[in-house]
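What follows is one structure encoded as C-alpha coordinates, with my remarks underneath.
Numbering (our numbering), first residue to last: 6 to 186.
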(Lines of atoms letter the chains of each structure in order from A; the text may use other names.)
(Lines give C-alpha, C1' and ligand atoms only; values in the text may rest on other atoms or scores of the structure.)
Protein backbone atom coordinates (compact mmCIF):
# COMPACT_ATOMS: atom_id res chain seq x y z
CA UNK A 6 0.00 0.00 0.00
CA UNK A 7 1.33 3.46 -0.84
CA UNK A 8 2.44 5.77 1.96
CA UNK A 9 -0.24 8.46 2.52
CA UNK A 10 0.72 11.45 4.68
CA UNK A 11 -0.33 15.01 5.40
CA UNK A 12 2.09 17.92 5.57
CA UNK A 13 1.80 21.69 5.94
CA UNK A 14 1.43 23.79 2.80
CA UNK A 15 4.71 25.08 1.38
CA UNK A 16 5.17 28.14 -0.82
CA UNK A 17 5.83 25.90 -3.85
CA UNK A 18 2.36 24.35 -3.43
CA UNK A 19 0.52 27.59 -4.16
CA UNK A 20 0.90 27.42 -7.94
CA UNK A 21 -0.53 23.90 -8.28
CA UNK A 22 -3.31 24.82 -5.85
CA UNK A 23 -4.33 27.68 -8.16
CA UNK A 24 -4.08 25.43 -11.24
CA UNK A 25 -6.23 22.80 -9.55
CA UNK A 26 -8.87 25.38 -8.56
CA UNK A 27 -9.12 26.54 -12.18
CA UNK A 28 -9.54 23.03 -13.64
CA UNK A 29 -13.16 21.83 -13.69
CA UNK A 30 -12.13 18.17 -13.85
CA UNK A 31 -9.68 18.59 -10.98
CA UNK A 32 -12.19 20.42 -8.79
CA UNK A 33 -14.87 17.85 -9.58
CA UNK A 34 -18.48 18.23 -10.57
CA UNK A 35 -19.66 18.52 -6.96
CA UNK A 36 -17.41 21.48 -6.12
CA UNK A 37 -17.22 23.40 -9.41
CA UNK A 38 -18.75 26.87 -9.38
CA UNK A 39 -16.71 28.47 -12.15
CA UNK A 40 -13.07 29.27 -12.74
CA UNK A 41 -11.59 31.73 -10.25
CA UNK A 42 -9.46 34.68 -11.29
CA UNK A 43 -6.05 32.99 -11.08
CA UNK A 44 -4.09 36.13 -10.16
CA UNK A 45 -6.55 37.13 -7.46
CA UNK A 46 -6.61 33.59 -6.03
CA UNK A 47 -2.81 33.35 -6.04
CA UNK A 48 -2.66 36.69 -4.22
CA UNK A 49 -5.11 35.49 -1.56
CA UNK A 50 -3.22 32.21 -1.14
CA UNK A 51 0.12 34.05 -0.80
CA UNK A 52 -1.42 36.37 1.79
CA UNK A 53 -2.84 33.49 3.83
CA UNK A 54 0.43 31.57 3.56
CA UNK A 55 2.35 34.57 4.91
CA UNK A 56 -0.17 35.18 7.71
CA UNK A 57 -0.54 31.70 9.16
CA UNK A 58 0.84 29.10 6.75
CA UNK A 59 -2.71 27.72 6.38
CA UNK A 60 -2.59 26.43 9.96
CA UNK A 61 -4.85 27.87 12.59
CA UNK A 62 -6.93 26.38 15.39
CA UNK A 63 -10.15 27.44 13.68
CA UNK A 64 -9.23 26.50 10.14
CA UNK A 65 -6.46 25.32 7.92
CA UNK A 66 -5.21 23.27 5.02
CA UNK A 67 -2.71 20.42 4.68
CA UNK A 68 -1.28 18.83 1.54
CA UNK A 69 -2.05 15.15 0.88
CA UNK A 70 1.05 13.20 -0.18
CA UNK A 71 1.19 9.71 -1.67
CA UNK A 72 4.72 8.32 -1.70
CA UNK A 73 5.97 11.91 -1.41
CA UNK A 74 3.90 13.28 -4.33
CA UNK A 75 1.32 16.01 -3.71
CA UNK A 76 -2.08 14.76 -4.90
CA UNK A 77 -4.44 17.30 -3.31
CA UNK A 78 -5.32 18.83 0.02
CA UNK A 79 -7.54 18.51 3.05
CA UNK A 80 -8.94 21.48 4.90
CA UNK A 81 -11.02 22.45 7.90
CA UNK A 82 -13.12 25.42 8.91
CA UNK A 83 -15.26 26.17 11.95
CA UNK A 84 -18.86 24.95 12.14
CA UNK A 85 -20.81 26.82 14.82
CA UNK A 86 -23.66 24.91 16.48
CA UNK A 87 -24.31 27.24 19.41
CA UNK A 88 -23.07 30.41 21.10
CA UNK A 89 -20.34 28.85 23.26
CA UNK A 90 -16.79 28.09 22.14
CA UNK A 91 -17.47 24.43 22.92
CA UNK A 92 -20.20 24.48 20.27
CA UNK A 93 -17.65 25.03 17.50
CA UNK A 94 -16.23 22.01 15.70
CA UNK A 95 -14.02 21.58 12.67
CA UNK A 96 -15.79 20.80 9.40
CA UNK A 97 -13.42 19.06 7.00
CA UNK A 98 -13.15 18.91 3.23
CA UNK A 99 -10.93 17.28 0.64
CA UNK A 100 -9.83 17.90 -2.94
CA UNK A 101 -7.82 15.28 -4.84
CA UNK A 102 -6.55 15.33 -8.40
CA UNK A 103 -8.81 13.13 -10.60
CA UNK A 104 -6.22 10.43 -11.28
CA UNK A 105 -5.91 9.76 -7.53
CA UNK A 106 -9.62 9.36 -6.77
CA UNK A 107 -11.21 5.98 -6.14
CA UNK A 108 -8.01 4.43 -4.77
CA UNK A 109 -8.66 4.85 -1.04
CA UNK A 110 -6.35 7.84 -0.60
CA UNK A 111 -9.24 10.15 0.31
CA UNK A 112 -10.41 7.80 3.03
CA UNK A 113 -6.93 7.64 4.54
CA UNK A 114 -6.34 11.41 4.22
CA UNK A 115 -9.64 12.27 5.90
CA UNK A 116 -8.94 9.81 8.71
CA UNK A 117 -5.46 11.35 9.16
CA UNK A 118 -7.00 14.82 9.31
CA UNK A 119 -9.55 13.71 11.91
CA UNK A 120 -6.69 12.17 13.93
CA UNK A 121 -4.80 15.48 13.70
CA UNK A 122 -7.79 17.54 14.82
CA UNK A 123 -8.59 15.28 17.78
CA UNK A 124 -4.94 14.98 18.89
CA UNK A 125 -3.53 18.43 18.20
CA UNK A 126 -6.57 20.65 18.73
CA UNK A 127 -8.56 18.62 21.25
CA UNK A 128 -11.69 18.59 19.09
CA UNK A 129 -14.78 17.05 20.67
CA UNK A 130 -16.44 16.56 17.28
CA UNK A 131 -15.25 16.59 13.66
CA UNK A 132 -17.80 16.80 10.89
CA UNK A 133 -18.02 16.80 7.13
CA UNK A 134 -20.71 17.08 4.53
CA UNK A 135 -20.93 16.14 0.90
CA UNK A 136 -23.42 16.36 -1.92
CA UNK A 137 -26.17 13.76 -1.71
CA UNK A 138 -25.31 12.82 -5.31
CA UNK A 139 -21.68 12.07 -4.39
CA UNK A 140 -21.73 8.42 -3.24
CA UNK A 141 -17.94 8.06 -3.58
CA UNK A 142 -17.27 10.69 -0.91
CA UNK A 143 -20.03 9.27 1.29
CA UNK A 144 -18.30 5.86 1.17
CA UNK A 145 -14.91 7.47 1.86
CA UNK A 146 -16.23 9.26 4.95
CA UNK A 147 -17.93 6.13 6.27
CA UNK A 148 -14.76 4.06 5.74
CA UNK A 149 -12.80 6.80 7.57
CA UNK A 150 -15.05 6.29 10.60
CA UNK A 151 -17.60 9.09 10.18
CA UNK A 152 -21.27 8.39 10.87
CA UNK A 153 -24.04 9.57 8.60
CA UNK A 154 -26.14 11.98 10.65
CA UNK A 155 -28.73 13.33 8.26
CA UNK A 156 -29.69 15.26 5.17
CA UNK A 157 -29.37 19.03 4.88
CA UNK A 158 -31.99 19.90 2.29
CA UNK A 159 -31.23 22.33 -0.56
CA UNK A 160 -27.92 23.22 1.09
CA UNK A 161 -25.94 24.07 -2.04
CA UNK A 162 -26.71 25.97 -5.21
CA UNK A 163 -24.87 24.42 -8.14
CA UNK A 164 -25.61 24.56 -11.85
CA UNK A 165 -28.64 26.78 -11.25
CA UNK A 166 -30.32 24.24 -8.94
CA UNK A 167 -30.30 23.48 -5.25
CA UNK A 168 -28.83 20.19 -4.03
CA UNK A 169 -29.11 18.29 -0.76
CA UNK A 170 -26.04 17.49 1.32
CA UNK A 171 -25.39 14.57 3.65
CA UNK A 172 -23.95 15.46 7.06
CA UNK A 173 -21.37 13.19 8.71
CA UNK A 174 -19.81 13.39 12.15
CA UNK A 175 -17.27 11.69 14.39
CA UNK A 176 -17.16 12.22 18.15
CA UNK A 177 -14.03 12.05 20.25
CA UNK A 178 -15.17 8.87 22.03
CA UNK A 179 -15.84 7.17 18.67
CA UNK A 180 -12.40 8.20 17.44
CA UNK A 181 -10.78 6.93 20.65
CA UNK A 182 -12.59 3.59 20.43
CA UNK A 183 -11.58 3.14 16.77
CA UNK A 184 -7.98 4.20 17.54
CA UNK A 185 -7.73 1.61 20.32
CA UNK A 186 -8.64 -1.26 17.96
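For glycine and all other residues, C-beta sits at the position ideal for the given N, C-alpha and C.
Notebook entry, point to check: For residue 12, which of 167, 108, 72 has the nearest alpha-carbon?
Noted result: Position 7 of the chain shown, counted from the first residue, corresponds to residue 12. Of 167, 108, 72, the residue nearest in Cα terms is 72.
| query | Do the stretch 11-28 and the stretch 129-146 meet, that is, are 3 or more Cβ pairs less than 8 Å apart? | reply | no
- [ ] Could you spell out where the beta strand (DSSP E) holding residue 120 opens and where it closes?
- [x] One-based indexing of the chain shown puts residue 120 at position 115. It is not in any beta strand (DSSP E) - residue 120 instead sits in the alpha helix (DSSP H) that spans 110-126.
| message | Does the contact criterion of 3 or more C-beta pairs under 8 Å hold for the stretch 162-178 versus the stretch 110-130? | response | yes
Using alpha carbons as the reference points, say which of 77, 121, 186 lies closest to residue 15. On the chain shown, position 10 is the one that residue 15 refers to. For residue 15, the nearest C-alpha among the options comes from 77.
Subject >> Residue from 49, 8, 63, 100 with nearest C-alpha to residue 30 >> reply: Taking the chain shown and counting its residues from 1, the one referred to as residue 30 is at position 25. The shortest C-alpha separation from residue 30 is found at 100.
Query raised in the report: Is residue 164 near residue 156, with beta carbons less than 9 Å apart?
Result: Position 159 of the chain shown, counting from 1, holds the residue named residue 164. Position 151 of the chain shown, counting from 1, holds the residue named residue 156. Not in contact: residue 164 and residue 156 (Cβ atoms no closer than 9 Å).
> Hey, how far is the Cα of residue 119 from the Cα of residue 98?
Replying inline: For this step, residue 119 is matched to residue 114 along the chain shown. For this step, residue 98 is matched to residue 93 along the chain shown. Computed Cα separation, rounded: 11 Å.
| field | Burial state of residue 56, where buried means 16 or more other Cβ atoms lie within 10 Å | value | Position 51 of the chain shown, counted from the start, is the residue given in the question as residue 56. Residue burial annotation: residue 56 is exposed, with fewer than 16 other C-beta atoms found within 10 angstroms of its C-beta.
On the CB-based measure, 16 or more other CB atoms within 10 Å of its CB, does residue 228 come out buried or exposed? Outside the shown range of the chain (6 to 186) lies residue 228, about which nothing can therefore be said.
ask   = Taking Cβ to Cβ, would you say residue 141 is nearer than 9 Å to residue 106?
value = Working through the chain shown from its first residue, we reach residue 141 at position 136. Working through the chain shown from its first residue, we reach residue 106 at position 101. Their beta carbons are under 9 Å apart, which means residue 141 touches residue 106 by this criterion.
Go through its chain and collect everything with a Cβ distance to residue 183's Cβ below 8 Å, but skip five positions before and after it. On the chain shown, position 178 is the one that residue 183 refers to. Counting only Cβ-Cβ distances below 8 Å, and skipping sequence neighbours, we find 150.
Exercise. Thinking C-alpha only, which one of 113, 43, 95 is nearest residue 144?
Worked result: For this step, residue 144 is matched to residue 139 along the chain shown. The option with the nearest alpha carbon to residue 144 is 113.
If you reduce the DSSP assignment to three classes, tell me which class residue 14 lands in. Here residue 14 refers to the residue found at position 9 when the chain shown is read from its first residue. In the structure shown, residue 14 sits in coil (DSSP, three-state: anything other than H, G, I, E or B).
- Can you have a look at residue 167 and say buried or exposed, based on whether 16 or more other CB atoms are within 10 angstroms of its CB? Sequence index remark: in the chain shown, residue 167 carries index 162 (1-based). By the 10 Å Cβ count, residue 167 comes out exposed.
ask   = Can you give the beta carbon distance from residue 95 to residue 122, rounded, assuming they're within the 8 Å contact cut?
value = As a position in the chain shown, residue 95 is number 90, starting the count at 1. As a position in the chain shown, residue 122 is number 117, starting the count at 1. Contact flag correct, Cβ pair sits at about 5 Å.
Pull the bridge partners of residue 97 from the DSSP assignment, please. Residue 97 sits at position 92 when you count from the first residue of the chain shown. According to DSSP, residue 97 bridges with 81, 133.
Point to revise | Alpha-carbon spacing of residue 93 relative to residue 104, whole angstroms | key: Translated into the one-based positions of the chain shown, residue 93 becomes position 88. Translated into the one-based positions of the chain shown, residue 104 becomes position 99. Between residue 93 and residue 104, the C-alpha separation is close to 34 Å.
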